[in-house]
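Chains as they are written, first to last, in the numbering used here: chain A, 171 to 272; chain B, -19 to 638; chain C, 17 to 218. Idealized CB from N, CA, C, for every residue including glycine. Written out below as structure tokens is the structure these notes cover.
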Amino acid sequence: MSLDAFPWLIGLSTAIFMLGALGVLIRRNPLVVFMSIELMLNAVNLAFVTFGRFLNSEDGQIFAFMVVVVAASEVVVGLALITTVFRTGRDLDVDDLSEMRE
Amino acid sequence: MTNVVLMGGLAGALLLLPVIGCLLNGLLGDRLGRRFVNWVGPGAVALAFVVAVIILVQVVGADSAHKTITVRFWDWINLGPNGLQLGFDVTIDPLTVVMIMVITGVGFLIHVYSVGYMEHDPDVARFFSYMNLFIFSMLLLVLAGDMLWLIVGWALVALSSYLLIGFWWRRPSAVVAARKAFITQVIGDVALVIAAFMILVNLRGQDGRGIFSISLPTVFYNAQFSFAHGSVVITAICILLAVGAFAKSAQFPLHTWLPDAMEGPTPVSALIHAATMVTAGVYLIARFHTLFDLAPIAQGMVACVGMGTALMAGVIALSQVDIKRVIAYSTMSQIGLMIFAVGIGAYTAGMFHFVTHAVFKALLFMAAGNVIHAMNDEQDIRLMGGLGDRMRNTERAFIAGSLALAGIPIFAGWFSKEDILGFGTVAGPAIPALFIVGLIVNVLTGLYAIRLWAVVFRGEPQTARPFQAHEPGRTMLWPVMILGGLSVVLGIVIQWPFQILGFSAHFLSSFMDPVFSSATGVVTEPSTFRGALALAIGTIASLIGVGAAVRIWYEKKPQAQEVVARLPRLLPQLSWHKFYFDELYDAVLVRPSRAAASTARRILEPRVFDGWVRGVTQLFADISIDFRGVETGLIRDYATGMLIFAGVFVAVGYLITR
Amino acid sequence: MNALTAIVGVLALISAIGVVSFRSTIYCALSLVTNMVFLAVLFLLLNAQFLAAVQVIIYAGAVMVLFVFIIALLSPGAEDTPRLDLRFLVGLVAVFYVTLQIFFLVGNGSTYQKGAVACTSAAQQQCVKTPLRGAQVGQVSQPQQLSYFPDDVDAAGNVQTVGGQLFTTFLVPFEITSLLLFVAAIGAVYLTRHHLTGARRT
Chain A
171 MSLDAFPWLI GLSTAIFMLG ALGVLIRRNP LVVFMSIELM LNAVNLAFVT FGRFLNSEDG
231 QIFAFMVVVV AASEVVVGLA LITTVFRTGR DLDVDDLSEM RE
Chain B
-19 MTNVVLMGGL AGALLLLPVI GCLLNGLLGD RLGRRFVNWV GPGAVALAFV VAVIILVQVV
41 GADSAHKTIT VRFWDWINLG PNGLQLGFDV TIDPLTVVMI MVITGVGFLI HVYSVGYMEH
101 DPDVARFFSY MNLFIFSMLL LVLAGDMLWL IVGWALVALS SYLLIGFWWR RPSAVVAARK
161 AFITQVIGDV ALVIAAFMIL VNLRGQDGRG IFSISLPTVF YNAQFSFAHG SVVITAICIL
221 LAVGAFAKSA QFPLHTWLPD AMEGPTPVSA LIHAATMVTA GVYLIARFHT LFDLAPIAQG
281 MVACVGMGTA LMAGVIALSQ VDIKRVIAYS TMSQIGLMIF AVGIGAYTAG MFHFVTHAVF
341 KALLFMAAGN VIHAMNDEQD IRLMGGLGDR MRNTERAFIA GSLALAGIPI FAGWFSKEDI
401 LGFGTVAGPA IPALFIVGLI VNVLTGLYAI RLWAVVFRGE PQTARPFQAH EPGRTMLWPV
461 MILGGLSVVL GIVIQWPFQI LGFSAHFLSS FMDPVFSSAT GVVTEPSTFR GALALAIGTI
521 ASLIGVGAAV RIWYEKKPQA QEVVARLPRL LPQLSWHKFY FDELYDAVLV RPSRAAASTA
581 RRILEPRVFD GWVRGVTQLF ADISIDFRGV ETGLIRDYAT GMLIFAGVFV AVGYLITR
Chain C
17 MNALTAIVGV LALISAIGVV SFRSTIYCAL SLVTNMVFLA VLFLLLNAQF LAAVQVIIYA
77 GAVMVLFVFI IALLSPGAED TPRLDLRFLV GLVAVFYVTL QIFFLVGNGS TYQKGAVACT
137 SAAQQQCVKT PLRGAQVGQV SQPQQLSYFP DDVDAAGNVQ TVGGQLFTTF LVPFEITSLL
197 LFVAAIGAVY LTRHHLTGAR RT
């Protein structure tokens, strides 16, 4: 594709990223929060690949690959955590898990 | 040169002996006991007296060119001939010798007296330590050849007086009195320091270049090149010096501390408030005569203040009922005469009176101490009476001293007082007025001196206490007797070898001639006729006073007492209330200061200063509390923060890359 | 910009909105899956075939399956209506602002050289050829020097080029990521194990 698609694709990536951030902000279910994080990672992948394509560098795809691996391992650990929390019988609400408060 | 070394060594010894005594008494006295202190205290002063005699011999024997010796012990700051120069100098000349003889001689007798007086006091080691410190301070003051050290000695004297007046510190009145004395003298200290600075800044040499030195010989030599006669600068300097002298010598208006200073032990009153410290002001003006001669206005002021104080103190002394206070006001009055003398330029006359006054005033105080001791620490003369029969020797000495004070012929005080009054007739246009005031002072002096004697020693005992009075022991009696004898013969000894009627010529004056001969303001001798006339009138005035007192208080003639009772109410009122000076100072100085301090404490401190400091801390605490609100513990809030800052970074990136 | 790119882009956006909007958790998960698929298509259009495959297999196929399993097991249920509080407003503002800002930045060429022309092949005049290492190692059939240019990569094959890079230049990161996966697996097993004493907390 030609160069003029470039800003649109980056804009799309940014939009999806910010939507993921919005999701992290306003959703209370930790699973959905997690999914929003995944959304953000996907958006970043798109940005990487787009840049790689239009700047003629292979490194974009490589890095996107690394992101996928990291996302996968993060999901594993995160879901294990959520499962543990669920097992203690607490409500699945992010607002209740506020032990870090001063 | 060996002379300089010898004199330097002697001066050093003179200064060191009391210091050693002070340290020994202070540090070891408590441990080594009363006997140790009783020997070391007076002993240090005795040795100092011996050294002083040696110095006297040296100075007398020296030829006229070497009468004044300045020894520089060490250079502290020396930045060249036109830079700042400060060093520890000692000046020894006849004036110094007179002072140190009196200080150590009379001081020694008072120390001996103190041995007996403080017999039952547990703090005797501290007492002698302070007394020795005082002797040292006074010696430093008179020996100092550099104004810096004079000021140091000046301040140390004030300190010693504070320590000694407040010696019985468990008594609140003593503490207050000591504070009052010290604060008043600090005013004088400040004036003295400012004067020193002014001299330092304005001193010029013959070539017109500035000399930054306050070494006394340098100052006096170069004064003629630096200050124009009668200029504002020198007048200001001399007025400041005079203020310093007034503070130290308890002259108006800085006189209120002296009567209260009687809270200290009687030997302290004898030493400090009769013989030595209060005369430091006289010494200062005499020493700085070169400068005073250049400022006639200052001289006039000094003379007026001196005579005015003499009059005022005489009036007050007439109505006081505390034996020590009467003598204190008498001191104030006589020093007023001395100040008057040095104010009109009769320096040798003033110093002569200083010598005789030291003798008979110390005597009077010590005799009063004997009386107080005998009366079991009672000082009110209205409760005394008839003590003469029980304390014969003390009474005799007291009479000798009182007659000397009153200026009765052949007693010591007569010679010196008439000397002053003789000069008073010739100096300046306004001076005959002061001469007449001096006559009134003579009358008053006779009045109160004989009144005191009559009320205390004669008449019937007014209470039970005088009945058991008795003479004190040797240590308290002998100094009194010695001084009693001296007050009879001293005048004759000093004056007789010359001429009885040669007023200004006496041993002291010829001795001190080299010091004052260069003074341009020295008043010329009165002619023989004038002098004789003044002598006669002055003597008659004194006799009138004495006679009137005898009639009123000794013989208790009713007509005389009627006259006294008929006096307008005002005069006794003023006299009794000491001319309301204490009340005046209280209202003008003390109350506003207290009010200001109280306001500061109540309002300024908590609201302004404390408030600001606490306000700052409160501000920080509040800020930190507000910041802590960010940590809600909710992940979502933290994420919000991150998002906001991500947006900020984007914006910044845009701005940068634009 | 051809029509396919536009349509797929819009659909990806819609599914992303869906992820954050649906009340029910499972709908969110399914939206995410569709989003990933659309992104995979975009990757294809961007000449990243290998990555597109990886996206579908690993991301949509493994990670999302995990998600769906957990949702099914835990049955978290629906949320209440979200409060439109300050956070929401801040997020909304941020979404719009950042998107538009970045779009303009990129559109003005802030992120790359303005005068650059996208080179599709080394044969073009101004395009410099740099050797494609992976192609050499991978015993590519084309003996000549290849470049990163899309047309040349097309010719050589995307998988070969990516694989070549992965196992030569980026070998260390690759090994580290395998270690990372290993650690994650251990962690997950540890976190969720049952205690041998058995007492299962409710």
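At the C-beta level, B/Met331 and B/Val70 stay beyond 8 Å of one another.
Judged by DSSP secondary structure, B/Ile115 falls within the alpha helix (DSSP H) whose first and last residues are 104 to 123. Rounded to whole angstroms, the separation of the alpha carbons of B/Ala254 and B/Leu298 is 18 Å. Closer than 8 Å to the CB of A/Ile207 there is not a single CB belonging to chain C. Among the residues facing chain C, B/Thr612 is not included, as its CB has no counterpart in that chain under 8 Å away. Following the DSSP letters along the chain, one finds B/Gly67 inside the beta strand (DSSP E) bounded by residues 64 to 72. Linking B/Phe272 to B/Gln442 through their CA atoms gives a straight-line distance of about 51 Å.
Residues of the region 179 to 206 of chain A that bring their beta carbon within less than 7 Å of a beta carbon in chain B comprise Ala191, Val194, Leu195, in sequence order.
Following the DSSP letters along the chain, one finds B/Asp55 inside the beta strand (DSSP E) bounded by residues 49 to 58.
Between B/Val322 and B/Ile265 the beta-carbon gap is near 4 Å, inside 8 Å, which marks them as a contact.
The alpha-carbon separation between B/Trp237 and B/Glu243 amounts to approximately 11 Å. The DSSP-derived three-state label of A/Ser227 is coil. Per DSSP, B/Glu375 is one residue of the alpha helix (DSSP H) stretching across 372 to 386. Straight-line spacing of the CA atoms in B/Ser94 and B/Thr215 works out to 43 Å. Taking a C-beta cut-off of 8 Å against chain C, the contacting residues of the region 232 to 250 of chain A are Ile232, Ala234, Phe235, Met236, Val238, Val239, Val240, Ala241, Ala242, Ser243, Glu244, Val245, Val246, Val247, Leu249, Ala250, listed in chain order.
Interface with chain A (8 Å Cβ-Cβ cutoff): C/Phe119 is included. In the structure shown, B/Arg184 adopts extended strand secondary structure according to DSSP, grouped into three states. A straight line joining the alpha-carbon of B/Phe16 with that of B/Lys397 spans about 41 Å. For A/Val219, the chain C residues whose Cβ falls inside 7 Å of its Cβ are Phe59, Leu62, Ala64, Leu67, in order along the chain. In the DSSP annotation of this structure, the continuous segment of the alpha helix (DSSP H) that includes B/Ile214 starts and ends at 212 to 229.
Cβ neighbours of B/Trp394 within its own chain (closer than 8 Å, five residues either side excluded): Ala384, Gly387, Ile388, Gly471, Thr519, Ser522. Here B/Phe345 has Thr246, Ser249, Ala250, Ala254, Ile307 as same chain residues with Cβ atoms under 7 Å from its own Cβ, once five neighbours each way along the sequence are excluded. Using a Cβ-Cβ cut-off of 8 Å, C/Val114 is close to Ala626, Gly627, Val630 of chain B, given in chain order. Taking 7 Å as the upper bound on Cβ-Cβ separation, chain A lies near residues Leu82, Phe83, Ile86, Ile87, Leu90, Pro92 of the region 80 to 94 of chain C. Judged by DSSP in its simplified three-state form, A/Asp266 adopts helix. Under DSSP, B/Asp126 forms a beta bridge with B/Ser195. Cα atoms of B/Leu36 and B/Arg267: separation of roughly 18 Å, rounded to the nearest angstrom. When 8 Å is used as the limit between beta carbons, B/Ala619 is near these residues of chain A: Ala191, Val194, Leu195, in chain order. Around C/Phe183, no beta-carbon contact reaches into chain A at under 9 Å, the shortest distance being about 11 Å. Around the C-beta of B/Pro152, fewer than 16 other C-beta atoms lie within 10 Å, and the residue is accordingly described as exposed.
Contact with chain C is found for B/Leu623, since one of that chain's Cβ atoms lies less than 8 Å from the residue's Cβ. With respect to the 8 Å criterion, B/Ile194 and B/Asn62 are not classified as neighbours on the basis of their beta carbons. Under the Cβ criterion (8 Å, minimum of three pairs), the region 357 to 369 of chain B does not count as touching the region 325 to 343 of chain B. Listed in chain order, the positions of the region 578 to 607 of chain B with a beta carbon within less than 9 Å of a beta carbon of chain A would be empty, since no residue qualifies. Inclusion of A/Ala241 and A/Leu211 in the CB contact set at 8 Å is warranted, their separation being smaller than that value. Under the Cβ criterion of 8 Å, C/Gly77 is not counted among the residues facing chain A.
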